[in-house]
Amino acid sequence: MSAQAHPAPQAPAQDASGTWKYDAALAGRIELKWQDRWEAEGTFEAPNPTGPLATTRRGATVSPGPGAAGEKLYVMDMFPYPSGKGLHVGHPLGYLATDVLARYNRMRGKNVMHALAYDAFGLPAEQYAVQTGQHPRVTTEENIANMRRQLRRLGLGHDARRTFATTDPEFVKWTQWIFLQIFNSWYDADADGGAGKARPIAELVAQFADGSRALPGDYAGRSWEELSAREREDVLHGYRLAYVSESPVNWCPGLGTVLANEEVTPEGRSERGNFPVFQRNLKQWNMRITAYADRLIDDLDHVDWPEAVKSMQRNWIGRSTGAHVRFALTGSGGTESAPEDITVFTTRPDTLFGATYVVLAPEHPLVDRLLAEPSAAGWEPGVPEAWRGGAATPAEAVRSYRAAAAAKTPAERQEDKEKTGVFTGGYAINPVTGDRLPVFIADYVLMGYGTGAIMAVPGGDERDHEFALAFGLPIVPTVAAPEGHEGVWTGDGEVINSANERIDLNGMSVAEAKEAIIAWLERSGSGEGTTTYRLRDWLFSRQRYWGEPFPIVYDEDGTAIALPEDQLPVDLPEVDDFSPRTFPEDDLTSEPEPPLGRAADWVHVTLDLGDGPKRYRRETNTMPNWAGSSWYQLRYADPANDQAPVDTVNEAYWLGPRGQGHSGGADLYIGGVEHAVLHLLYARFWHKVLYDLGHISSFEPFHKLVNQGYIQAYAYTDERGAYVPAAEVAERVDESGESTFWYQGAQVRREYGKMGKSLKNIVTPDDMYAEYGADTFRVYEMSMGPLELSRAWETRAVVGAQRFLQRVWRLVVDEETGETVVTGGELDEATLRVLHATIAGVHEDMEAMRFNTAIAKLIVLVNHLTKEGITARAAVEPLVQLLSPFAPHIAEELWERLGHAGTITYQPLPAADESYLVAETVTCVVQVKGKVRDRLEVSPDIDPAELERLALASTGAQRTLAGAGVRKVIVRAPKLVNIVPEG
RNA sequence: GCCCUCGUAGCCCAAUCGGCAGAGGCAGCGGACUUAAAAUCCGCUCAGUGUGGGUUCGAGUCCCACCGGGGGCACCA
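full-length UniProt numbering applies: residue 1 is where the first sequence begins, and numbers increase by one.
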């Protein structure tokens, strides 16, 4: 990755046909010339305030002093995975948008940082390595080189000094360093006035040591002093933000690795590869992202993101407020033996009077307790047949129901919406009514949410209602339904049937009743208000080769020990076999086996970690490929820093908050919506940890987020359903306007969707360069419509962008001779008006990222100049400048031909002269009852009273009014008068 | 079922604060240039804004209900 020696840029030769026509070949020569020049001159290097990148080859520096901080712009793209499959025309859309914006802002005088790095760990390179035996690093580097070449041809203005790959040892070092920061931190929920924040684990140790914080759980009552090293680590592991735990995880035999919840589809399959995923209890690394649940939700109010992404994140975190309510448990047969509590979570504590039974998830640990009751040996008399599940005893019923539930995949459990369950033989006491409620197990209650237990309110919940009907359980409505409502009422209303000698909720609204019952629960000790989350801790280890190793070793006790910073990075060992052990995709008995475990020499090491050389065992899992993308927004700002992931000064300059309460973060982030709850959630989490620990000044990584739409394409199938080459399909339109599609004389069917090789509808950027050139391709993609919108690719429409650039070219260059035809002289009034309207309009559109309308305005100007035969420098130079963000190569070429020596990149854009924006006369519309009846040419600053008089007198108004009286006249000078007649 | 989005000309899309429905492009048609064709240039046609209500002097724009496309979530208590 360095500037290679390039031959001196050559002036583009004339076209093969002997003319200087702006065709694909000429465009190509111009484009390559300027791409070489930009590279050779370091045109897009942006200076940092401090450090190795503080100076650039073009001599720019960050000017010190007040006001300088406002003059920067940080735009970034979601970085690509270098797949080696190559790009299609849809891939560069976002990169073009950021490039256009970056170029525009450079011309506005801002210091613009824009670069592209590569997210290079991950499965495809590893799978390719497994197949070929080639090291994934080799594959990855080849793919990056190839992708870089493809993207360079687009003319993207990236700062080449700021590129990197997540697989670079220097980058891995800091990824591992951040891991250690997280490992060596805990979440102090009381810090920051209750919002909580991460603090160094050493501060927690100090609290334990001086007794200001009591030891938790099994260690309560003991002192820190007397704990062994292993016991201390055991305590700390309950606090660390990165920790190992043995818990149910998503095990995917087909991939041979475990996966985070975010990587499992609702169908219970792996997002990547679509293999089945099973729940297994395994010892794995986790990140305590749940500690940040509230801030991850609340801080969404501080970022400028699409509502869809915000709502997906809120949804995924799934905060719901309600109450924990404890139900005392009694055995069957009425023996009040050793009461045990079932804690349920409910969002509707107001409906407690309507709770007529209790349901536990089949996996709930209390089920065993219930069955341990001696009296649970047989069914009590009177237990309905339907409750028994065909079994002779509760124990047998529960056993067989549990077995049946366990045999189903999560997907199967969801598919079957019929309510099933069995009675456990046990009862629970409703704390407010004192009623004895039967306790069921049923698989519509999930162990993974809330407490895995519910109070069932069939009068106020659809699911409970269905279950109650199936099992003949009582239904007590507690909120009055509106007149005429059928079925269960879950909305607001007046509370009914909810009073006894202890509390009276009747007549309250749902919200009032919630508040009252929570207060009562807390007073009586039978519950409390609480908040639960759907979000689970982030499972962070993978059984793969091609990922970052953990900077962790284990001593002979199995205690995890962080490696010191000076031993980073921990490099991957060389191995013969990169593959994890994978299994038949439905092999439930399989166990994960990390490939690093086979590198015995690497795993077992002797290290001196402060108390002399000792034998240690390395962690053999690797990090998920989300690790690198969780902090790369920081590294762009200081890619060569070997002292820190990012210097605080550089971070504050590029990402720091702009004013009080501002979140900070990159100014603009463009990427697909598919990362809404994966990358974007993880990156926010890491960023916040680093913020809490004082390493950075911004508390959000990406301040403004835009999701670009997808470029999709039509595909065509013949009678057999086989795809035919889309490029060779012709459209026929009959008299009625109906379109049909034909391939080799036979009619074919059109479908709409992705671009793909198998669909035979791929169009690549290379196709576009060959036929039109990169600038035409850029202009076409930017003019297709708003960035956020998905749309269909239509190759035949690209010619419109080419015609536009050809017209621009001819304003400057004679197609026959190649001579510059630009002339001097003043512009006429009409041209000045068009020119300044264009300047003003383009500025407005660019600020709002409306690239399509900005291009439309440039087309208007070009059409005007072409039609009028105007080639005056005074019109052409501003045009070339305004065009250059979209079509930078042709703009540079024309700028040079207009006699300018340097690059156009930093030329200040023209400003509109206000005096040409005000029209001499405007057309005033005269409406009668909202319908246009006449038009008047009036002065823009006409007096409203005068305008009203003119409008009333106009022939159109008089004719329409036909003598009728006038009730009211609305005057919006100077553009509109609306006359409201009587009657 | 719930949430988020988008419905304007044959197609892709404009219309900024509620004020003349049309900026731009594609396709189509006509013309110029050409021996002819392509390319280029000039000109033209085409909708009343998914449907039904409402608010307003005035609605593509605001409100309500519905229909259709795209996306997300979904037995989450």
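Ideal Cβ positions, reconstructed from N, Cα and C, are used throughout, including at glycine.
The model shown is predicted, which means the values in this text are computed figures rather than measured ones.
Outcome for residue i when other beta-carbon atoms lying within 10 angstroms are tallied against a minimum of 16
i	result
residue 1006	Past the boundaries of the shown model lies residue 1006; the chain is included only from 1 to 983, so the question cannot be answered.
residue 604	exposed
residue 639	buried
residue 899	exposed
residue 77	buried
residue 660	exposed
residue 915	exposed
residue 566	exposed
residue 265	exposed
residue 987	Limits of the chain in this structure are 1 at one end and 983 at the other, which puts residue 987 out of reach.
residue 324	buried
residue 485	exposed
residue 688	buried
residue 963	exposed
residue 223	exposed
residue 274	exposed
residue 284	buried
residue 620	buried
7 Å Cβ shell around residue i - same chain, five flanking residues per side excluded
i	result
residue 297	314, 317 and 319
residue 773	24, 27, 28 and 31
residue 402	362
residue 973	942, 944 and 947
Own chain partners of residue i with C-beta closer than 6 Å, once the 5 adjacent residues on each side are dropped
i	result
residue 282	249
residue 538	260, 287 and 289
residue 730	742
residue 874	827
residue 833	916
residue 801	776, 779 and 780
residue 615	606
Alpha carbon of residue i to alpha carbon of residue j, nearest angstrom
i	j	result
residue 455	residue 436	12 Å
residue 532	residue 549	33 Å
residue 213	residue 241	18 Å
residue 432	residue 524	9 Å
residue 775	residue 699	38 Å
residue 706	residue 671	7 Å
residue 607	residue 329	54 Å
residue 434	residue 369	22 Å
residue 163	residue 444	50 Å
residue 11	residue 97	Low confidence applies to residue 11: its pLDDT is 49, below 50, so where it sits in the model is not reliable, and the reading given next is rough at best. Taking the straight line from one Cα to the other gives about 29 Å.
residue 494	residue 488	15 Å
residue 500	residue 187	43 Å
residue 149	residue 762	19 Å
Spatial neighbours of residue i in its chain, beta-carbon cut-off 8 Å, leaving aside the 5 residues before and after
i	result
residue 60	45, 46, 47 and 111
residue 920	939 and 940
residue 244	237, 283, 284, 285, 286 and 560
Stretch pair the region 874 to 883 + the region 851 to 865: three plus CB contacts closer than 8 Å = Yes: at least three Cβ pairs fall under 8 Å.
Length-filtered (3 minimum) beta strand (DSSP E) runs lying within the region 841 to 873 = If we require 3 residues or more, the region 841 to 873 turns out to have no beta strand (DSSP E) run fully inside it.
ask   = Is there contact between the region 887 to 894 and the region 932 to 943, where contact requires at least three CB pairs shorter than 8 Å?
value = Because the criterion of three Cβ pairs below 8 Å is not met, the region 887 to 894 and the region 932 to 943 do not touch.
key: Runs of alpha helix (DSSP H) wholly within the region 680 to 716 (minimum 4 residues, chain order)   = Counting whole runs of 4 or more residues, the region 680 to 716 contains no alpha helix (DSSP H) stretch at all.
inquiry  = For a minimum of 4 consecutive residues, which ranges assigned as the alpha helix (DSSP H) are wholly contained in the region 285 to 313?
reply    = Along the length of the region 285 to 313, whole alpha helix (DSSP H) runs at least 4 residues long occupy 293 to 298, reported in chain order.
ask   = Pairing CB atoms from the region 176 to 184 with CB atoms from the region 210 to 228, are three or more of them under 8 Å?
value = Too few Cβ pairs lie closer than 8 Å, so no.
query = Per the contact definition of three or more C-beta pairs closer than 8 Å, is the region 440 to 456 in contact with the region 340 to 353?
reply = Under the three-pair Cβ rule at 8 Å, the region 340 to 353 counts as touching the region 440 to 456.
task = Please go through the UniProt domain "Methionyl/Leucyl tRNA synthetase" (77 to 182) and give each complete alpha helix (DSSP H) segment of 4 or more residues, from N-terminal end onward.
result = Listed in chain order, the complete alpha helix (DSSP H) runs (minimum 4 residues) inside the UniProt domain "Methionyl/Leucyl tRNA synthetase" (77 to 182) are 93 to 107, 123 to 132 and 136 to 152.
query = Any chance the region 455 to 475 sits against the region 384 to 393, with 3 or more Cβ pairs inside 8 Å?
reply = As far as the Cβ criterion goes, the region 455 to 475 touches the region 384 to 393, which means the pair count is three or higher.
query = Can you find at least 3 beta carbon pairs, one from the region 546 to 560 and one from the region 292 to 308, that sit closer than 8 Å?
reply = Taking 8 Å as the limit for Cβ pairs, the verdict is that the region 292 to 308 does not touch the region 546 to 560.
message = I'd like the ranges of any alpha helix (DSSP H) spanning at least 4 consecutive residues and lying wholly in the region 788 to 852.
response = The DSSP assignment places complete alpha helix (DSSP H) segments of no fewer than 4 residues inside the region 788 to 852 at 798 to 812 and 829 to 847, in order along the chain.
query = Counting only runs that start and end within the region 592 to 637, where is the beta strand (DSSP E) found for 3 or more residues in a row?
reply = Under the rule that a run must span 3 or more residues, the beta strand (DSSP E) segments found entirely inside the region 592 to 637 read 604 to 608 and 613 to 618.
request  = Jot down the residue ranges of each uninterrupted beta strand (DSSP E) in the region 473 to 541, minimum 3 residues, whole runs only, in chain order.
outcome  = At a cut-off of 3 residues, the continuous stretches assigned as beta strand (DSSP E) that sit fully inside the region 473 to 541 are 527 to 532.
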